[in-house]
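Just so you know, the protein sequences line up as chains A and B, in that order. When we follow numbering that gives the first Met the number 0, the leftmost residue of the first sequence carries the number 0, and every step to the right adds one. When we follow numbering that gives the first Met the number 0, the leftmost residue of the second sequence carries the number 0, and every step to the right adds one. Cβ coordinates follow ideal geometry from the N, Cα and C atoms, glycine included. Since the model is a prediction, treat every value here as computed from it, not as a measurement.
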Amino acid sequence: MASKSSVVTLPAKARARRSVISGRQHLAGYLFIAPWLIGFFLLTLWPILRSFYLSFTEYSLLDDPTWIGLGNYEDIFLNDRIFVQSLKVTFTFVLLSVPLKLFFSLFVAILLNKSIRGISFYRTAIYFPSLIGGSIAVSVLWRNIFDLNGYINHVLSWFGIPAVGWLSNPDTSLLTLVLLNAWQFGSTMVIFLAGLKQIPSDLYESASVDGATRWRRFFHITLPMLSPVMFFNLVLGVIGSFQMFTSAFIITNGGPANSTYMYALFLFEKAFKNYQMGYASALAWILLVIVAALTLLNFALSKYWVYYEAEGGRSK
Amino acid sequence: MMNRAYAKGPMSHLTLTAVSLIMLYPVIWWIGASLKKNTEMGLPSLWPDTPMWDNYIKGWQVTAEYSFTTFFVNTLVMEFWSVLGGVLTSAIVAYGFGRLQFALRGFWFSILLLTMMLPGQVTIVPQYIFYNNLGFVDSYIPLVLPHFFGGGAFFVFLLVQFIRGIPRELDEAAKIDGASVYGIFLRVIFPLIRPALVTVAIFTFIWSWDDFFGQVLYLSSIEKYTVGLGLRMFIDQFEIQWGQLLAMSLLSVLPSVIVFFLAQKHFVEGIATTGIKG
């Protein structure tokens, strides 16, 4: 296992060699990373700084940006009730869908981590919805299934449950989007599966010899060994959920009564429907701060539950 | 492997079949529904009494002027350039990070990892203005160009992990034979990372296909529409023709499905060998 983890960090040999790198080697290195580096400056760093500047301006694409200081931020925090609503919707969505997806994908990954006949068939079947998941086609399917006259209500009627307007009722509309998100757990599951495969089987064998039950093995071997992967999925899951767009756009278009008005949709409409580029940039920066804060919080909390084996115990 | 002790017996097959069915049921229902009339839509029957094959014919010819032939061709052309750009440049960049020594390498690699966590919305407004000023809005350039800059941080990271798993002795041997760093990349590393590159290609294909946000943003004239945008035309109609819409939606996911099945073996290997465990 030690060799595996050293693959991830810089090898010690490489560090020692650094002092004798020639100019040509530097040049070669920069030549190879040039595509990414140019893209980073052009399409990432400059836009971030530019949107920071724009967030203090009023800008409609037609005229030059006009400096208005903190005007956009004041409007957003003091007057914009839609902002508060979209934050509420987005946080609810993240809080419901991230744990649901993690739990479900871990459960399925454990089911699939077996050497039984036909396992690749099951793997494909279960991965399938995720394969097509992000596409507008699936949003269309979802919209149809949860329609008032849709499939779900018909099935419920067999059990005498009256039809629910899943998408037209503000209390249930967000739930349908959460379910859609959970249905597409495939890539999270694949990463869990890769993590499970890296747990050395002798750990389980010696635990079995010691008489550990299945549950004990799960809680004392699988979960700790898997915690770095869990952490990876959690961090990316939170960031991804904050940017949910297509399903809210296609299935409910933010409605009814703004109950699914996700932050990404709000930002999109401000920028590209109303052409309030400055206002949208301020929204983007607020999103960046929120996501960064949550990510840092995740990293800070990780030392209490993420187990890194290379350090021989809980990380400090 | 590890679970062999309790993997035996019909229980696992039963659970797995149940989970597979739950996952696939909406898809199975979808196939039947694509052949239904609007009035039959809500019925839970999987198959309509009289299948409306017409849904596929009428749906394909969505407007008098444009059919899905145009949209599929558009999307596939866009995909070709995106995948080409992503595969080529991610391999080049990953070799730089994975094998070469140069000043500030660690710093740039951390920046690369950081950009993976950056919400796309933060850069979208200035990017749009940038493309707009260059006259690239309503073209495929904003959708394709980013793939030529390393193909995305996630792919570079994936390939770097893969490259670090390749024994350095191979590089050393090639060096003794007189190969330069460029020669080593072309003749040693590039051929060896092919399985991982297949993963990059599949993901690039599927994610570009599904990048509805970018397509809505940058494409406005119908003759340039992608398949996803073609589907949206149905939703904007006064009365949605569900049968036609579901039929075309079903066709729209076929390319991703085909690509996935053709390359499935490499795909799982590519992921499993990256040592993503951290």
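query                                                                                                           : result
Reference S19/B, options L233/A, Y121/A, I67/A, R142/A, closest by Cα                                           : Y121/A
Ordered list of alpha helix (DSSP H) runs contained in the segment 193-250 of chain A, each at least 4 residues : 200-208, 213-216, 222-241
Closer than 8 Å to chain B by CB, V290/A                                                                        : yes
Own chain, CB closer than 7 Å to N143/A, minus 5 neighbours either side, in chain order                         : G149
Proximal residues of chain A, C-beta to C-beta of T114/B below 8 Å                                              : F39, T43
is_contact[T88/B, chain A] using C-beta, thresh 8 Å                                                             : yes
Distance CB(S81/B)-CB(L158/B) smaller than 8 Å                                                                  : no
Three CB pairs or more closer than 8 Å across the segment 254-261 of chain A and the segment 101-118 of chain B : no
Span separating the alpha-carbon of L225/A from that of A206/A                                                  : 17 Å
Any C-beta of chain B under 8 Å from that of W165/A                                                             : no
CB contact below 8 Å: T69/B versus chain A                                                                      : no
Through-space distance from Q126/B to Y217/B, alpha-carbon basis                                                : 11 Å
Closer than 8 Å to chain B by CB, L266/A                                                                        : yes
T122/B to Y278/A span [Cα, whole Å]                                                                             : 14 Å
V92/B and W35/A closer than 8 Å at C-beta                                                                       : yes
Counterpart residues of T56/A in DSSP-defined beta bridges                                                      : W66/A
Residues in the segment 90-109 of chain B having any Cβ partner in chain A nearer than 8 Å                      : I91, V92, Y94, G95, F96, L99, Q100, F101, A102, R104, G105, W107
Classification of F102/A by the beta-carbon crowding that lies within 10 angstroms, buried from 16 upward       : exposed
Cutoff 8 Å: P46/A Cβ touching any chain B Cβ                                                                    : yes
Extent of the continuous alpha helix (DSSP H) to which L158/B belongs                                           : 152-163
Proximity test, Cβ basis, 8 Å: N131/B and chain A                                                               : yes
Interface flag, A247/A vs chain B, CB-CB below 8 Å                                                              : no
Closer than 7 Å at the beta carbon, the chain B residues around G28/A                                           : G95, L99, Q100, F101, R104
Min CB distance M188/A to chain B below 8 Å                                                                     : no
Cα-Cα separation, S134/A to D74/A                                                                               : 35 Å
Any C-beta of chain A under 8 Å from that of D209/B                                                             : yes
Through-space distance from F241/A to V290/A, alpha-carbon basis                                                : 8 Å
Residue environment, I37/A, which counts as buried when at least 16 other CB atoms sit within 10 Å              : exposed
Residue-chain proximity (V180/B, chain A), Cβ-Cβ < 8 Å                                                          : yes
Against chain B: residues of the segment 72-103 of chain A by CB proximity under 9 Å                            : none
Beta carbon of V186/B nearer than 8 Å to that of A173/B                                                         : It should be noted that the sequence gives Arg, not Val, for residue 186/B. In this structure, A173/B lies closer than 8 Å to R186/B by Cβ.
Min CB distance W284/A to chain B below 8 Å                                                                     : yes
Proximity below 8 Å, CB of E64/B to CB of S207/B                                                                : no
Inter-residue CB distance, Y306/A and P223/A (contact presumed, cutoff 8 Å)                                     : 4 Å
Cutoff 8 Å: R49/A Cβ touching any chain B Cβ                                                                    : yes
Environment of G95/B [buried if 16+ CB atoms lie within 10 Å]                                                   : buried
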